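Trainee:
Residue numbers (our numbering): 16 to 106.
#1: Determine the contact status of residue 181 and residue 40, defining contact as a CB-CB distance below 8 Å.
#2: Taking the alpha helix (DSSP H) that residue 89 falls in, what are its first and last residues?
#3: Exposed or buried, what is residue 31 when buried is set at 16 or more other beta-carbons lying within 10 Å of its beta-carbon?
#4: Got a sec, what are the start and stop residues for the alpha helix (DSSP H) residue 45 sits in?
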């Protein structure tokens, strides 16, 4: 069962992956009724976990970019086919 306390802990832990600024962290800690020291001390993930999560984000973004590039290539191929058909009609 998800309680507000568990949600707050989960949110506090996941914020490390988001690369929040100090100001944003202070606002979040204040919203969760923490001070910044408590927020960092009790909810910090090991650096390896944070690194792995950030690498995962980069890989997911790379995959999205690849999908967009493939869509662009498909559109370019369609344009080339239309141009080829027009040229064949003219010749």
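The beta-carbon is built from N, C-alpha and C at its ideal position, and this holds for glycine as well.
Just so you know, these numbers come straight off a predicted model, no measurement behind them.
Mentor: According to the data block:
#1: No information on residue 181 is available, as it lies outside the stretch 16 to 106 that the chain covers here.
#2: Counting from one through the chain shown, the residue named residue 89 turns up at place 74. Here the alpha helix (DSSP H) through residue 89 covers 62 to 105.
#3: Here residue 31 refers to the residue found at position 16 of the chain shown. Result: buried.
#4: If you number the chain shown from 1, residue 45 lands on position 30. Unbroken alpha helix (DSSP H) run through residue 45: 37 to 46.
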